[in-house]
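**Q** Mind having a look at this structure? Questions to follow.
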Amino acid sequence: MVLQVQASTYEAQTQEIAKQLLAATQENRSFFSSLRDQMRWDDKLLAWAISNPGLRVQLFRFIDTLPALHSKSEIASHLQEYLGEESVELPAALKGMLNFANADSMPGQVAATTVGTAVETLAHKYISGENIKQVIKTVERLRKEKMAFTIDLLGEAVITEAEAQSYLERYLELIQQLVEASKNWAVIPAIDEADGEPIPKVQVSVKLTAFYSQFDPLDAKGSEERVSDRIRILLRRAKELGTAVHFDMEQYAYKDITLSILKKLLLEEEFRQRTDVGITIQAYLRDSEQDTKDLISWLKERGYPLTIRLVKGAYWDQETIKAAQKHWPQPVYNDKAATDANFETITQLLLENHQYVYSAIGSHNVRSHSRAIAIAESLNVPRRRFELQVLYGMGDKVAKALVDKGYRVRVYCPYGELLPGMAYLIRRLLENTANSSFLRQNMENRPIEELLAPPIVKEEENVQTRLISQRVAGVPPVVATGVASLQTPNSHFLGAADTDYAVEEVRTKAAQAFQSVRQQLGRTYLPLINGEYVNPPEFVDSLNPSNFSEVIGKVGLMSVEQAEQAMQAAKAAFPGWRKTPAKQRADILRKAGDLMELRRAELSVWIVLEVGKPVKEADGEVSEAIDFCRYYADEIERLDKGVNYDIPGETNHYIYQPRGITVVISPWNFPLAIACGMTVAALVSGNCTLLKPAETSSIIAAKLTEILVDAGFPKGVFQYVPGKGSQVGAYLVNHPDTHVIAFTGSQEVGCRIYAEAATLKSGQKHMKRVIAEMGGKNAIIVDESADLDQAIVGVVQSAFGYSGQKCSAASRVIVLEPIYDIFVQRLVEATKSLNIGEAELPSTQVGPVIDANARDRIREYIEKGKAEAEVALELPAPEQGYFIGPVIFSEVSPNAVISQEEIFGPVLAVIRVKDFQEALAVANGTNYALTGGLYSRTPSHIQQAQTEFEVGNLYINRNITGAIVGRQPFGGFKLSGVGSKAGGPDYLLQFLEPRAVTENIQRQGFAPIEGAD
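Shown next, in the form of structure tokens:
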């Protein structure tokens, strides 16, 4: 029975130990060491960042950019751009240094050298070496100070399989060389043994996700298989050499699957008895206490102890931003005190279970360490079962004080090239300069009582923690969206939350949805005219593009005569619908959105099976459809209020009324979202609407029809009119009773509709309004300051997501000459690492194209590309579906066919340019202006792109697909389309006629005057 003591019992001892440690860390330094620190630029930069929040942000952004800058002139110009902003208040010394006219001038070169050297010196404070030789020197120094170590390998993000393999090989080499060096190390009892048991001298820390470039919780099984194969190799070699291996914890999305993989692996017969392995818990996560309890239960079952390293957590900013953007519950505590309190709770939990677990308490907070010591001493925890850890360069004084008091201390030592290690450096600088940082507060000589006070948790933290427990229980994210409103105070519209596939229960539900839908395949779907499903003259099979032998269902294609019946029904229903109050129409729309949320998993499956869209992207499309319903419901209520321009004696009211009958012609590539968006915009505006979907996605449109009918749209107001575009589509476009045509599709068809709609037909008493979105030839510019890890990932997602079949997909990448070759090389490797396969497989990133016609047309463009450019990559593809493997062309002329014409497939042209001006000229050198992207860390380039890049949607330092309703209203200009942006504040105006009503309210010279008695 493990002795348990109430937490309050430990407080007095905690305070006593903490005061002793604090006294040891706050000893006065000599006058000369203080003077030396004041002279050093690295210390000055850090001090300025602490005292000046505006400078802190810009300085850290500059440091982040530094790895991409290859000359002193580049460093000088970026220094001026980042720190010369009007909003940044500069210290006199820095202001004087930046006061140069030209980056090539001598003062510019001096500034670049001074700051560059200072940042390098800062990096050396936190990074233990640039190569193994330097690391060995560092750890030998640490061992002389009676400190153990663990080594973490820094480097570029693992985005290719070649890099994942290299990561494993570099660790194998690292442990080999460390063990070789350790043969000459004398045994130091304080760190190399405890309770008569030897402790491995060498320990390394690894990141699970780096063992597989396509690591994804959605593909839990595939990720586990690929990662486990490489981990087994590492663990076997580590055992041969007597090295301990510790697994770091990364972003929250990977936590559950990381724990699952390690638990399974470490129960295998080969590894079950290993005690030289460690797992990490992050105390800033709201569910970390439960994870710790689960791990302890698992360790009891396993029968052999492992190390659990407890840390606060290093990705707070990233986690909070991601949760806010995704409308997910916050996984981390918002308040530092809550994290500290949780850290103490878990510390106690670990130490009370010391028979089953080796505790490694990692912190720079003297109170946190003191708490652990107080508990360990009260419970007589054996020395082998307890150690304290600090980060290299972060807790040096604390570490020394702990060693002097006889505790085992391990230093976490990152190593690698300084420049790729900048991301790590930024995290350390953020930690050092944050207002809530213990290190900072200690430096500022805050009162001891304040530094060592017990953490107090605010009630709102408990509310959000309950939301996280719902997430773990598999409750749909919509339940938890209330928290997001706290996170986005400036946004009036709160979008639907995408499915979080990191939750195992959610993945199970998705798999069940596939089984359920598969039982419904082969059914027949009929047109809906005036509230009745009618038999059409013709039927076609809708096929699964991933496997064209699988029939999803039969679709009835209506005749022109039936189209006329639908038009007459719409005319009859219009007078009643236009008079229906806007609030009532909006409420029907909101109900439709709620029904979609309830049917989310099922709708996603229909999208996957009918149009071959991978699971995660299909789920995102359902969110977009829901958002259209809710956003346009809000919008019509706003517009319905009208505008008053009253003056004394006269009222002037500006109001809107519906136009009439809308024909929606929707595409197959967003078969639910775009069909829904165009349709519900027309409906909620008071127009009767006929939906004619693309023939290849008519079943999804039939599912939308079910939802709109169930939501309560009256008969004749909404009608589902599947048919051939050349017959039914053309008839409805040319019909004299059509008022609005909302179209998304090819430029050729869009221009034809525009021309036909402009022709006045017999009996037509109005001009038709055409809203047409007609595609793009979208470009991403990558300049020499770009973060290449970020750029490669973004370009691959933008070009090959849904096999390049999005209107917003990237089909051109324009890369500046200095980085062109390395960019193409890494782009090719990253693309090679993608999984190509059936859309429903969770591992698939690249699925099929829509049909045989599309496949053949794309192949023709590939042949044209081979005649015009060099093939950098052409991947093979499965035969059974309509597959085309990603193709990358390099050295492409800006005027080549593949640079100018929309291909709508997984084909990417990489164009080389000399400078940024040429990049913009090439980007703007097509007939389209839909989406564009820029990867850059040069402020002047970002500013110039914002004004000169001719696109409707410009995305900077992120992928260029996935526009979100109410956040990135979508649409372009030039030959990309005509009309206002979908999901934006102007969109509904296209379905409405504005009217101004003026009334003279004087009677016999008398009129009410507001405010008069």
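Just so we're aligned: 267 in this note's numbering is position 41 of the sequence shown, and the numbers increase by one with no gaps anywhere.
Ideal placement from N, C-alpha and C gives every residue a C-beta, glycine not left out.
As the structure is a computational prediction, the values presented were derived from the model and not from experiment.
Within this structure, are the beta carbons of Y882 and G868 separated by less than 9 Å?
**A** For Y882 and G868, yes; Cβs fall inside 9 Å.
**Q** What is the C-beta distance between G1159 and S1024, in whole angstroms, given that I count them as a contact (C-beta under 8 Å)?
**A** Contact holds; Cβ gap of about 7 Å.
**Q** Which residue wins for smallest C-alpha separation from C855, given the options Y880, D513 and I933?
**A** The shortest Cα separation from C855 among Y880, D513 and I933 belongs to I933.
**Q** Closer than 7 Å by C-beta to L898: which residues in its own chain qualify, once you throw out the five before and the five after it? Chain order, please.
**A** Counting only Cβ-Cβ distances below 7 Å, and skipping sequence neighbours, we find L829, I833, E847, V848, A851, I926 and L930.
**Q** So V1148 packs on V1139, CB below 8 Å; how close in whole Å?
**A** Indeed they touch by this definition, with Cβ atoms about 6 Å apart.
**Q** For the 8 Å Cβ check, are there 3 or more pairs between the stretch 450-461 and the stretch 403-418?
**A** Short answer: they don't touch.
**Q** Kindly confirm or deny that the stretch 1086-1102 and the stretch 1124-1136 touch, where touching means at least three C-beta pairs closer than 8 Å.
**A** Result yes; three or more Cβ-Cβ pairs closer than 8 Å.
**Q** Out of curiosity, what's the CA-to-CA distance linking A294 and G912?
**A** So the alpha carbons of these two residues sit roughly 54 Å apart.
**Q** What is the DSSP secondary structure of I1007, counted as helix, strand or coil?
**A** Strand, per DSSP.
**Q** So the candidates are N761, F765 and K842; which of them puts its Cα closest to the Cα of T725?
**A** The candidate whose alpha carbon is nearest that of T725 is K842.
**Q** Give me the Cα-Cα distance between N870 and G1209, rounded to the nearest whole angstrom.
**A** Spanning the two alpha carbons is a distance of roughly 26 Å.
**Q** Once DSSP output is grouped into helix, strand and coil, what is the label at Q1106?
**A** Three-state DSSP puts Q1106 in coil, outside helix and strand.
**Q** Going by Cα to Cα distance, which pick from L1215, E399, N1226 and G951 is closest to D872?
**A** Of the listed residues, the one whose Cα sits closest to D872 is N1226.
**Q** With a threshold of 7 Å on Cβ separation, who are the neighbours of R193 within its own chain once the five nearest residues in sequence on each side are excluded?
**A** Here the chain has residues from 227 to 1239 only, and residue 193 is not among them.
**Q** May I ask you to report which of helix, strand or coil DSSP gives A374?
**A** A374 falls in the strand class under three-state DSSP.
**Q** Starting from the C-beta of R634, find all residues in its chain whose C-beta is less than 6 Å away, skip the five residues before and the five after it, and write them out in chain order.
**A** I417 and E613, listed in sequence order.
**Q** Considering E1100, what are the terminal residues of the alpha helix (DSSP H) in which it resides?
**A** No alpha helix (DSSP H) holds E1100; the beta strand (DSSP E) holding it covers E1096 to E1100.
**Q** If you draw a straight line from the alpha carbon of I534 to that of A550, how long is it in whole angstroms?
**A** The alpha-carbon atoms of I534 and A550 are separated by roughly 30 Å.
**Q** List the whole-angstrom C-beta distance separating M323 from A344, where the pair is believed to meet the contact cut-off of C-beta under 8 Å.
**A** That pair is no contact at about 11 Å.
**Q** Buried or exposed for V705, going by 16 or more other Cβ atoms inside 10 Å?
**A** Model confidence at V705 stands at a pLDDT of 37, short of 50, so the residue's coordinates are unreliable and nothing is read from them.
**Q** For the 8 Å Cβ check, are there 3 or more pairs between the stretch 288-302 and the stretch 361-376?
**A** As far as the Cβ criterion goes, the stretch 288-302 does not touch the stretch 361-376, which means the pair count is below three.
**Q** In whole angstroms, give me the CA-to-CA distance for Y1161 and A564.
**A** Cα to Cα, the separation comes out at about 37 Å.
**Q** If you scan the stretch 736-807 from start to end, which runs of the alpha helix (DSSP H) of 4 or more residues do you find wholly inside it?
**A** Correct list: 786-805.
**Q** Got a sec? Which residues, its chain only, sit under 8 Å from E450 by beta carbon, not counting five neighbours each side?
**A** Answer for E450: I483, S486, I487 and K490, listed in chain order.
**Q** Report the residue from L754, D378 and N761 whose alpha carbon sits nearest the alpha carbon of V935.
**A** Measuring from the Cα of V935, the nearest candidate turns out to be L754.
**Q** Taking the beta strand (DSSP E) that G1287 falls in, what are its first and last residues?
**A** Past the edges of the chain, shown from 227 to 1239, lies residue 1287, and the structure says nothing about it.
**Q** Suppose you measure from the CA of D860 to the CA of C902; what does that come to, to the nearest Å?
**A** For D860 and C902, the distance between alpha carbons rounds to 16 Å.
**Q** Counting only the same chain and skipping the five closest in sequence on each side, list residues whose C-beta sits under 6 Å from that of T168.
**A** Any property of residue 168 remains undetermined from this structure, which presents the chain solely from 227 to 1239.
**Q** Which value, in whole angstroms, describes the spacing of the CA atoms of F288 and Q544?
**A** Spanning the two alpha carbons is a distance of roughly 19 Å.
**Q** Locate the beta strand (DSSP E) running through L617, then write down its first and last residues.
**A** Counting along the chain, the beta strand (DSSP E) containing L617 begins and ends at F612 to L617.
**Q** L1146: buried (16+ other C-beta within 10 angstroms of its C-beta) or exposed?
**A** By the 10 Å Cβ count, L1146 comes out buried.
**Q** Who are the Cβ neighbours of G1198 in its own chain at under 8 Å, not counting the five residues just before and after it?
**A** If we look at G1198 and ignore the five residues flanking it on each side, its Cβ neighbours are E999, G1002, Y1154, A1155, L1156, T1157, V1177, G1178 and N1179.
**Q** Helix, strand or coil for Y438, going by three-state DSSP, please let me know.
**A** It is coil, neither helix nor strand.
**Q** By a C-beta neighbour count over all protein chains shown, 10 Å radius and 16 as the cutoff for buried, is P1165 buried or exposed?
**A** The residue is buried, with at least 16 neighbouring Cβ atoms inside 10 Å.
**Q** With a 10 Å radius around its C-beta and 16 neighbouring C-beta atoms as the bar for buried, classify M332 as buried or exposed.
**A** So M332 ends up on the exposed side.
**Q** Of the residues P1112, V910 and K1090, which one's Cα is nearest the Cα of V1118?
**A** When each option's Cα is compared against that of V1118, the closest is K1090.
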